[in-house]
Amino acid sequence: MNMHRTVVSLVAAAVAFIAAAPTGVRAQSSYDNLAPCTVGLSVKDFLRYPATIVAVDEAKGSYNIRRENGETYWTSPNALQVTFSCRHVAKAGPPKTASLFMGTWDMFIGSAVTTSARDPKKGEYGPGGKGGGLTVSADGTYNWVDAAGAAVSGRWRERAAAEVSRGAKPPAIVLMRGRDGYDWQMSTEGKVSNDNREQVSVDQLPGGVTILATRR
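My numbering applies: residue 10 is where the sequence shown begins, and numbers increase by one.
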């Protein structure tokens, strides 16, 4: 019984200590209370290589960074390792809608494991490559031309928030009966390419190939 009382007392003391801690200490863990990520700040890229911010695009919330070897490229916040040293910048804008998908996109298919043609029981790791181009129009239609030049046209619809899958967030659209006869979800995670163009994901539904698309 004494041991039980001791444990309870220790837990109560710990809770009281946390509650009594200065609010400023806890606030330091919030991005809102950090200085903005600015030119000249030392950071690490997605491979954790040391780099320095050399330019900032507030409209996209992206950063141009320079590695120690002199290489420079643009990156989005989710690929920038700042480890709570600064607050990501981005201009507040109107809520995003399906209109952000309108336009023409260059497609790239990443490497993936596929069934071996030599042995159906085994898989092969195939290289990635260009996946053609995709044009999404405001009239509810799309035109998709793959790397081999084969084209498929159809209609798209906006996907309800409850439908959005593959870890994406609204807005998202569905390209109905797209490549290979599947529906494909088009969504964004705020990514940018090395030259600061917008990027989105095009995912086969209900699950399968993911294609990265960069605004042309």
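Cβ atoms here follow ideal geometry from the backbone N, Cα and C, with glycine treated the same way.
- Residue burial annotation: D212 is buried, with at least 16 other C-beta atoms found within 10 angstroms of its C-beta.
- In this structure, the alpha-carbon of A171 lies about 45 Å from that of N78.
- Cα atoms of W165 and G140: separation of roughly 19 Å, rounded to the nearest angstrom.
- In this chain, V48 is not harboured by any beta strand (DSSP E), its DSSP state being neither H nor E.
- The Cβ-Cβ distance between N205 and D115 does not fall below 8 Å.
- In the same chain as L214, and ignoring 5 residues on each side of it, the C-beta atoms closer than 8 Å to its own belong to S174, V183, Y191, D192, W193, Q194, in chain order.
- A distance below 6 Å between beta-carbons, with the five flanking residues on each side excluded, links T197 to the following residues of its chain, in chain order: V209.
- Ranking S162, V201, L56, G199 by CA distance to the CA of R186 puts S162 first.
- A distance of 8 Å or more separates the beta carbons of S71 and S94.
- By the criterion of a C-beta distance shorter than 7 Å, R75 is surrounded in its chain by A60, T61, V63, T81, once the five residues flanking it on both sides are discounted.
- Assignment of beta-bridge partners to S196 by DSSP yields A181, S210.
- Your pair K69 and V201 checks out as a contact, with CB atoms roughly 6 Å apart and the cut at 8 Å.
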